[in-house]
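Following: one structure in C-alpha cells, then a few remarks.
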Amino acid sequence: YQRRVRVSDSCTCPEPNTCAQFMITYLQTIFDTSAAISPFSTLREQYNKLCMQECGRREFARNVTSARSSYMLLTCENRFLQLAANFATILHICEQEDDIESAKVLMVLAFTYQWEGRFVYQELMTLPIWSSMRFWNAAFLHAVHTERKLRSSNNECFSRQTPEQRAESAEVHKNIFFGQMSSFITNMTAFELPAREISEFREKMFVMSELEEEQKDMLRQLSPAVLDEETAFSLSDKLENLRERGRSFLLSMSRSLSSETD
C-alpha cells in the first residue's frame, strides 16, 4: 500500500505532515503484513493519540478510502479483525467528539471491506453510535450536501438560472436524495435499528425533500414494516390465546394420565 502524503485542509495538528504520513504507515502495517499490532505498542499508542484529533480521524478515513480498490477483499482474518478494531476505536471517539463526517465515511466503508463474505460492519454492530438518531440525521444531511456539491453541473446563482436549468437542478437533487435515502435505510436496517425509528427518520427527511410520491412509496417498501398498535395488540392477544390453549391442553393431559393411573 503506497500513497503520496496529502495533508487535510482541516488539519490542526502541530505537525500535519507527520500525522498524514503516520496514517499511511499505520495502514500499510495492517494491509501488507499479517503481524498483529499490539495494543501496548508504540505504534498503537501513537495511533490512539492521533485519533483524538479531528485531523487524525480524517486522515485515517481518507487513507482507508484510497486503499479500498486494492484491499476491499482482505485475504487474512487477522488483517480483517485489526481493521475492524481500528474502525471501532475511531467510531467510538467520533461519537464522543461529535465528528459526524469521519463517522459517516467509516460507516460506508464498513460495508465494503470484507473477509470471506464477512463484512467489517458486522464486527461493529454493538457500537452505541448506531443507536443515536442525531448521528443518522446529521450524517444523512451531510451526505446529501456533499454529493450535491460534487454533482452540481450548474453553479450559477439560482436567480440567474433559466427555467430549464432550475428543472435540471431539481431533478438532480431528487435523484441524490433518493439514492442517499435508499443507502441509509439499507444501512440502518443492517445495523438492526427498530423499524419505527427508521420509519420516523424516513418520514422526517421526506418533509425537506421534493420526491415524487412514487419514489416515497418505493422507499417505504424498502424499509422494514412497522406494526401499528392495533396490529401489535392483536398479535399479542393471539399469542396469549395460544399460550392459554397450550396450558389447557397440558392440564387436560395431566388429568387424563392421573385418572388412568388411578
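Using my numbering, you'd call the opening residue of the sequence shown number 1 and step up by one each time. Beta carbons are placed, not taken as given, at the ideal position from N, Cα and C, and that holds for glycine.
Residue i bridges to which residues according to DSSP?
i      : result
Gln82  : In the DSSP output, where bridge partners are listed per residue, Gln82 has none listed.
Trp115 : Arg118
Leu227 : Answer by DSSP bridge pairing: none, since Leu227 is not bridged.
Leu73  : Gln114
Just to confirm, are residue i and residue j a CB contact at a threshold of 8 Å?
i      : j      : result
Glu59  : Ala84  : no
Ser183 : Ser199 : no
Val226 : Ala195 : yes
Cys94  : Cys55  : no
Phe178 : Gln221 : no
Met72  : Tyr26  : no
Ala167 : Phe135 : no
Val120 : Ala61  : no
Asn63  : Ile100 : no
Met125 : Glu197 : no
With a cut-off of 8 Å on the beta carbons, I'd call residue i and residue j a contact; round off their distance for me.
i      : j      : result
Arg202 : Met181 : 7 Å
Ile90  : Arg57  : 5 Å
Phe22  : Gln46  : 6 Å
Trp130 : Phe80  : Contact doesn't hold; Cβ gap of about 20 Å is too wide.
Around the C-beta of residue i, are 16 or more other C-beta atoms found within 10 angstroms, so that it is buried, or is it exposed?
i      : result
Cys76  : exposed
Met133 : exposed
Glu230 : Model confidence at Glu230 stands at a pLDDT of 46, short of 50, so the residue's coordinates are unreliable; what they give is reported in the following sentence. Flag for Glu230 reads exposed.
Ser70  : exposed
Ala170 : exposed
Leu127 : buried
Gln96  : exposed
Leu43  : exposed
Leu50  : buried
Leu150 : exposed
Are the C-beta atoms of residue i and some chain E residue less than 8 Å apart?
i     : result
Ile90 : Note that chain E does not occur in the displayed structure, where there is just one protein chain.
Inter-stretch contact at 8 Å, needing at least 3 Cβ pairs: the region 169 to 182 / the region 103 to 114: no
Just checking, does the region 211 to 231 make contact with the region 140 to 154 on the three C-beta pairs under 8 Å criterion? They do not touch, by the three-pair rule.
Determine contact between the region 72 to 88 and the region 34 to 41, defined as no fewer than three beta-carbon pairs at a distance below 8 Å. yes
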